[in-house]
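There are 2 protein chains.
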Amino acid sequence: MKVLKEPCKVQALSNELRKEGRIIGFVPTMGYLHEGHLSLVRRSKAECDVTFVSIFVNPTQFGPGEDYEKYPRDEERDLSLLKDLGVDYVFIPDVKDVYLEGYSTYVDEVSLSRYLCGASRPGHFRGVCTIVTKLFNIVKPHKAYFGKKDYQQYRIIERMVRDLQMEVEVVPCEIVREPDGLAMSSRNVYLTPEERKDAACLYRSLILARDMVRNGERNSSEIIKKMEEFILRHKSVKRIDYIAIVDRYDLTPVDTIRGKELIALAVFIGRARIIDNIEILEKDLGM
Amino acid sequence: MKVLKEPCKVQALSNELRKEGRIIGFVPTMGYLHEGHLSLVRRSKAECDVTFVSIFVNPTQFGPGEDYEKYPRDEERDLSLLKDLGVDYVFIPDVKDVYLEGYSTYVDEVSLSRYLCGASRPGHFRGVCTIVTKLFNIVKPHKAYFGKKDYQQYRIIERMVRDLQMEVEVVPCEIVREPDGLAMSSRNVYLTPEERKDAACLYRSLILARDMVRNGERNSSEIIKKMEEFILRHKSVKRIDYIAIVDRYDLTPVDTIRGKELIALAVFIGRARIIDNIEILEKDLGM
Chain W
0 MKVLKEPCKV QALSNELRKE GRIIGFVPTM GYLHEGHLSL VRRSKAECDV
50 TFVSIFVNPT QFGPGEDYEK YPRDEERDLS LLKDLGVDYV FIPDVKDVYL
100 EGYSTYVDEV SLSRYLCGAS RPGHFRGVCT IVTKLFNIVK PHKAYFGKKD
150 YQQYRIIERM VRDLQMEVEV VPCEIVREPD GLAMSSRNVY LTPEERKDAA
200 CLYRSLILAR DMVRNGERNS SEIIKKMEEF ILRHKSVKRI DYIAIVDRYD
250 LTPVDTIRGK ELIALAVFIG RARIIDNIEI LEKDLGM
Chain C
0 MKVLKEPCKV QALSNELRKE GRIIGFVPTM GYLHEGHLSL VRRSKAECDV
50 TFVSIFVNPT QFGPGEDYEK YPRDEERDLS LLKDLGVDYV FIPDVKDVYL
100 EGYSTYVDEV SLSRYLCGAS RPGHFRGVCT IVTKLFNIVK PHKAYFGKKD
150 YQQYRIIERM VRDLQMEVEV VPCEIVREPD GLAMSSRNVY LTPEERKDAA
200 CLYRSLILAR DMVRNGERNS SEIIKKMEEF ILRHKSVKRI DYIAIVDRYD
250 LTPVDTIRGK ELIALAVFIG RARIIDNIEI LEKDLGM
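Here's what the structure looks like:
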């Protein structure tokens, strides 16, 4: 496994690999890797000839007062995990080589980004689209792997790639969960043991919601009300940022469930903002 | 010479050419070609193995009330000119294949775009950056050629390419002028014979400005005042949009000339908005 720091070296390498006809898989991460990330890496390893993983805590996707500085980092452990999986190249650039002095160019998705996390984190998805564009231009992958825990991010990247005619296949991957259902996230480390225990309520609220649908409920506000009640019963919950039922493709709010939805939430537990979601499929409606 | 319409076919072709190690040159145009465009094509032919020219009148770079619908078009003549020059591929996409249904992603340069034409044409450079990104992602050129008549556009593209780590060399090319000095432009066709005659005053005002610098004047506002007086003496001039003296690299206004400037103008003559510019070099200051 080779660790690369300079964007131009990665580009040169990728050009060579492409000339040789090799299929390049790419897993962009912010490090502090967990089983969710590793599942993306395994998938890339299985589907591609060469796998690149990037580790870069992207400053432009954090708002003022968010956790950019304290975002957890453990490069040594990350590298050891990636080596064990047989990753070919790890790209760990410096901020200054990714955001060049006086930079002034952004990539902006203006439709899907208005909803869910985009509403509470202005500028977040502009930061995401901008960094992913840069990384795609540097790594030049054939396939790029994104976890569905960040479902809105996946849909926005998919839209951006389509709109800007980037020749990359965006591959969404299933959420990996802890035994009690909590979605894996680098930010789970912010939770105290008690908060960690309470955090399982988020996935349970999503299962509760899906069960309501399976039992015939089609009214989004009824479902959201029940989820809120359930979540707020847990002491560590500081505040619900949002619970929303939206169309899975364009992320617009949905009043009546038809089997094409996403139920998504963001909740402050202790000092962590935790997100999670579940897809509602036609089969959940007995269709 | 082959004419291509579908973006995916151009991508596939470009991938093949790159695998063969061929250097791809690209001249993006809005068609209605003139000697300015042709000089870019000749340069690409001289420097690259394969030359692509695109013809696409990009709707997103026109503001409401601007001349998108009436922008001059003559595909047959364009193709004949390009064939005579030995162009390899001409890419003429449909609008719907470039801006896919429900598109919502833009590329935005937010610093250089605030000045000059960007101040009077809000959204124009967002449209330019977005279409150039798409075209670069489709054609995947090694080198792309831009005329300095659209000097601000050239600097913004150069900045965007650097910021987003696009692996394209942006090559600026000198302005090609009519015998009386008017910069070649597809929009010159909007001018009546009388307006066309008066339009030569723009370049003459730029020469006047440079002569003032060469004779020792360093005060931008003095120079701009003289240019305004000179231009407004011409009957066909409807309105001066701007005359500005700016830093050549970051396009910020400059009060005292130091030999690193651009003098740029946009003037309405008849129903045409004509732009032109001249670079002030250190040698013009006797340095």
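Residue numbers (numbering that gives the first Met the number 0), protein chains in the order written: chain W, 0 to 286; chain C, 0 to 286.
Using N, Cα and C, we set each Cβ at its ideal position, and we do this for glycine too.
Since this is a predicted model, take the numbers as computed values, not measurements.
### Query
Which residues of chain W have a Cβ atom closer than 9 Å to the Cβ of arginine 158 of chain C, listed in chain order?
Simply Gly101, Tyr102, Ser103 and Thr104.
### Query
What is the DSSP secondary structure of glutamate 227 of chain W, counted as helix, strand or coil?
Glutamate 227 of chain W: helix per DSSP, three-state reduction.
### Task
With tyrosine 88 of chain C as the anchor, note down where its beta strand (DSSP E) starts and where it stops.
Its beta strand (DSSP E) spans residues 88-90.
### Task
Please list the residues of the region 161-175 of chain C that have a C-beta atom closer than 9 Å to any C-beta atom in chain W, keeping them in chain order.
Identification of residues in the region 161-175 of chain C having a C-beta nearer than 9 Å to some C-beta of chain W yields Arg161, Asp162, Leu163, Gln164, Met165 and Glu166, given in sequence order.
### Same chain, Cβ closer than 6 Å to valine 170 of chain W, five either side skipped, listed in chain order
Correct list, in chain order: Lys142 and Tyr144.
#### Entry: Proximal chain W residues relative to aspartate 107 of chain C, where beta-carbon distance stays under 8 Å
Within 8 Å Cβ-Cβ: Thr104, Tyr105, Val106 and Asp107.
### Task
Run down chain C in chain order and give the residues with a C-beta less than 9 Å from the C-beta of serine 110 of chain W.
Going along chain C in sequence order, the residues near serine 110 of chain W (Cβ under 9 Å) are Gly101, Tyr102, Ser103 and Thr104.
### Query
Per DSSP, cysteine 172 of chain W forms a beta bridge with which residues?
In the DSSP assignment, the residues bridged to cysteine 172 of chain W are W/Gly146.
### Coil, strand or helix - asparagine 57 of chain W by DSSP
Correct three-state label for asparagine 57 of chain W: coil.
### Task
Using only alpha-carbon positions, find the residue among W/Arg257, W/Tyr241, W/Arg238 and W/Ser184 that is nearest to arginine 247 of chain W.
Here the closest residue by C-alpha is W/Arg257.
### Query
If we call anything under 8 Å between Cβ atoms a contact, is glycine 146 of chain C one with glycine 30 of chain C?
Result no, Cβ atoms of glycine 146 of chain C and glycine 30 of chain C do not sit closer than 8 Å.
### Query
Is lysine 133 of chain C closer than 8 Å to leucine 134 of chain W when the C-beta atoms are compared?
For leucine 134 of chain W and lysine 133 of chain C, no; Cβs fall outside 8 Å.
### Query
Rounded to a whole number of angstroms, what is the C-alpha to C-alpha distance between isoleucine 155 of chain W and glutamate 157 of chain C?
Our two residues, isoleucine 155 of chain W and glutamate 157 of chain C, have alpha carbons roughly 26 Å apart in a direct line.
### Task
Take threonine 251 of chain W and list the residues in its own chain whose beta-carbon comes closer than 8 Å to its own, dropping the five residues that flank it on each side.
Answer for threonine 251 of chain W: Tyr114 and Val245, listed in chain order.
### Query
Would valine 56 of chain C pass as a contact of valine 86 of chain C if the rule is Cβ separation under 8 Å?
The criterion of a C-beta distance shorter than 8 Å is not satisfied by valine 56 of chain C and valine 86 of chain C.
#### Entry: Cβ contact check for the region 194-208 of chain C and the region 264-280 of chain C: 3 or more pairs under 8 Å
Judged by pairs of C-beta atoms under 8 Å, the region 194-208 of chain C touches the region 264-280 of chain C, as three or more such pairs exist.
### Query
Would you report the Cα separation of glycine 126 of chain C and lysine 18 of chain W, rounded to the nearest angstrom?
Rounded to the nearest whole angstrom, the C-alpha separation of glycine 126 of chain C and lysine 18 of chain W is 32 Å.
### Query
Hey, how far is the Cα of alanine 243 of chain C from the Cα of glycine 117 of chain W?
Approximately 39 Å, taken between the alpha carbons.
### Query
Between alanine 208 of chain W and the rest of its own chain, which residues show a CB-CB distance below 6 Å, the 5 nearest in sequence each way excluded?
Cβ-Cβ distances below 6 Å link alanine 208 of chain W to Ile222, Met226 and Ile262 in the same chain, with the five nearest sequence neighbours on each side left out; the list follows chain order.
### Message
Between which residues of its own chain and glycine 122 of chain C is the CB-CB distance below 7 Å, once the five residues before and five after are set aside?
### Response
Cβ contact annotation for glycine 122 of chain C (same chain, cutoff 7 Å, sequence separation greater than five): Gly62, in chain order.
### Message
Among the candidates C/Thr59, C/Ile22, C/Gly180 and C/Ile273, whose CA atom is the shortest distance from the CA of lysine 95 of chain C?
### Response
Residue C/Thr59 is the option with its Cα nearest to lysine 95 of chain C.
### Query
Going by the CB atoms, is the gap between glycine 24 of chain C and threonine 50 of chain C shorter than 8 Å?
A Cβ-Cβ contact shorter than 8 Å links threonine 50 of chain C with glycine 24 of chain C.
### Message
Under 7 Å, CB to CB, which of the residues in the region 134-153 of chain C have a partner in chain W?
### Response
Answer in chain order: Asn136 and Ile137.
### Message
One question on the structure: do lysine 148 of chain C and isoleucine 274 of chain C come within less than 8 Å of each other, judged by their Cβ atoms?
### Response
Cβ atoms of lysine 148 of chain C and isoleucine 274 of chain C: closer than 8 Å.
### Query
What's the gap between the Cα of tyrosine 98 of chain W and the Cα of threonine 191 of chain C?
Distance between the alpha carbons of tyrosine 98 of chain W and threonine 191 of chain C is about 48 Å.
### Beta-carbon proximity list for histidine 233 of chain C, same chain, < 6 Å, skipping 5 on both sides
The beta carbon of histidine 233 of chain C sits closer than 6 Å to those of Asp197 and Cys200, all from its chain and outside the five residues before and after it, given in chain order.
### Query
Does any residue of chain C bring its CB to less than 8 Å from the CB of glutamine 60 of chain W?
By this cut-off, glutamine 60 of chain W is not an interface position.
### is_contact[proline 63 of chain C, chain W] using C-beta, thresh 8 Å
With 8 Å as the cut-off, proline 63 of chain C does not count as an interface residue toward chain W.
### Query
How long is the line joining the alpha carbons of isoleucine 130 of chain W and glutamate 100 of chain W, rounded to whole angstroms?
Using only the alpha carbons, I get a separation of about 15 Å.
#### Entry: Residue(s) in a DSSP beta bridge with arginine 238 of chain W
BP columns for arginine 238 of chain W point to W/Phe267.
### Task
Inspect the beta-carbon positions of asparagine 276 of chain W and tyrosine 150 of chain W and report whether they are closer than 8 Å.
Here asparagine 276 of chain W is near tyrosine 150 of chain W, since their CB atoms are less than 8 Å apart.
### Task
Report the option in C/Pro71, C/Gly180 and C/Asp240 whose CA atom is closest to the CA atom of threonine 28 of chain C.
Nearest of C/Pro71, C/Gly180 and C/Asp240 to threonine 28 of chain C, Cα basis: C/Pro71.
### Query
For glutamate 108 of chain C, is the classification buried or exposed, using 16 other Cβ atoms within 10 angstroms of its Cβ as the cut-off for buried?
By the Cβ neighbour-count rule, glutamate 108 of chain C is buried, with 16 or more other Cβ atoms within 10 Å of its own.
### Query
Cβ of valine 9 of chain C within 8 Å of Cβ of valine 138 of chain C?
With respect to valine 138 of chain C, valine 9 of chain C sits close: the two C-beta atoms are nearer than 8 Å.
### Query
Do methionine 159 of chain C and cysteine 128 of chain C have their CB atoms nearer than 8 Å?
The beta carbons of methionine 159 of chain C and cysteine 128 of chain C sit closer together than 8 Å.
### Message
For a contact defined as C-beta to C-beta under 8 Å, what are the partners of lysine 18 of chain W on chain C?
### Response
Arg17, Lys18 and Gly20, listed in chain order.
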